[in-house]
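In this note's numbering, the protein residues as written are 1 to 379. We put the beta carbon where it would ideally sit given N, CA and C, even for glycine. The model shown is predicted, which means the values in this text are computed figures rather than measured ones. Shown next, in structure tokens, is the structure this report addresses.
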Ligand SMILES: C[S@@+](CC[C@H](N)C(=O)[O-])C[C@H]1O[C@@H](n2cnc3c(N)ncnc32)[C@H](O)[C@@H]1O
């Protein structure tokens, strides 16, 4: 099976062969773990197992329509205005922190990197280096093709340097990090894991656990939720390596009181395939994205533990408007304008998506993106 995406030929393994191979690999790991795998480990294998996991195989993933074989669309894939406006914030942060490098985590097809680099050039701010860190080898190949004209400036790294100085960005990367599932059943907290069913395929099994959500959930009703040990460890590691600089993460999610609201009793874990959403990560493994919303309070606390200060926290609409969305929209033709407007519309990406800004080793400042509508006090 093959498709063309961004002029790149994507050769895809037959879906059933891919799923069978990945299921076999996961089943081996379940067997080695005495029959029960915590969900975060299952999610790590389903998304990142080399060659087979969703982000490690060659399926199309990113795109506007299911007809291209893609599963979902992200902001930089929707409109270049997203990266252009983020670049305005990056440019300011480079100046304010006195640093000269940009680091991007989870760069997808390279669309955001291209938009940021083009806009930085237009603003006359040329970083010394733009480094991409992505756990997906196949996506790295797509990024290299897309960013070929920035050869020499763009580099790829597998790990953080001992001393990081620069401005970090990451769009929809925290939501792709494996989460643990907690389930309150009959008033007792369980960790949800994955088992092999005798009839084939995978099933759920809950085990009593000392783990708890970061805040009490009012009531005694059954309640399923996620905790984000890996995402928060990622932020702490970033802070430990960062000597001087700033970081901006954009993703869907909420602060803690909204995340662990008693009424949100089904959690936020969902899968995306061919632009449809479902809540069953145990089927079509390797063929669909698995994702959970971000607990931005947990992100902020992990960041502060690691020496960051929070520069600001707001929704995507406010952030982009603060960075200059209005004049950008005015300058666009109707079609591209409609796409760019989705970035800020409340029922599209404007409210569910949030932006958190962090700074370390430099004086915090009234950062451009948070000048109006800052909600740090709500975290
Ligand atoms: C939903 S995609 C977003 C891609 C891109 N930022 C965009 O907006 O189109 C998630 C990306 O995060 C990457 N990723 C997940 N965990 C990561 C980690 N720990 N470090 C770096 N990249 C990671 C995935 O490989 C993938 O490229």
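Query                                                                                                                                  : Result
Candidates 263, 124, 90 and 297, of which the one nearest residue 218 by Cα                                                            : 263
Inter-residue Cα distance where the pair is residue 137 and residue 50                                                                 : 8 Å
Distance between beta carbons of residue 157 and residue 133, contact taken as under 8 Å                                               : 5 Å
Delimiting residues of the beta strand (DSSP E) encompassing residue 259                                                               : Careful: residue 259 lies outside any beta strand (DSSP E), inside the alpha helix (DSSP H) at 256-259.
Contact test: residue 381 Cβ vs ligand 1 heavy atom, cutoff 6 Å                                                                        : Residue 381 is absent from the structure shown; the chain starts at 1 and stops at 379.
Collapsed DSSP secondary structure at residue 11 in the structure displayed                                                            : The pLDDT assigned to residue 11 is 47, lower than 50, so where the model puts this residue is not dependable; a value taken from the coordinates is nonetheless given after this. Three-state result, residue 11: strand.
Residue of 344, 283 and 273 minimising C-alpha distance to residue 70                                                                  : 273
Residues that DSSP places opposite residue 312 in a beta bridge                                                                        : 357
Residue 108 beta carbon near ligand 1 (any heavy atom closer than 6 Å)                                                                 : yes
Assigned secondary structure, residue 165 (DSSP; H/G/I helix, E/B strand, else coil)                                                   : strand
Contacts around residue 293, its chain only, beta-carbon distance under 6 Å, and the 5 residues preceding and following it disregarded : 252, 253 and 268
As assigned by DSSP and simplified to three states, the class of residue 217                                                           : coil
Delimiting residues of the beta strand (DSSP E) encompassing residue 95                                                                : No beta strand (DSSP E) contains residue 95, which is instead part of the alpha helix (DSSP H) from 81-97.
Own chain residues within Cβ distance below 6 Å of residue 16, not counting five before or after                                       : none
Contact set for residue 206: own chain, Cβ-Cβ below 8 Å, skip 5 residues either direction                                              : 183, 185, 190, 191, 192 and 193
Closest residue to residue 402 among 68, 67, 155 and 88 (Cα-Cα distance)                                                               : Residue coverage of the chain in this structure runs from 1 to 379, which leaves residue 402 outside it and unanswerable.
Assumed close pair residue 97, residue 236 - CB separation to whole angstroms, cut-off 8 Å                                             : The pair is not a contact, with the Cβ atoms about 20 Å apart (cut-off 8 Å).
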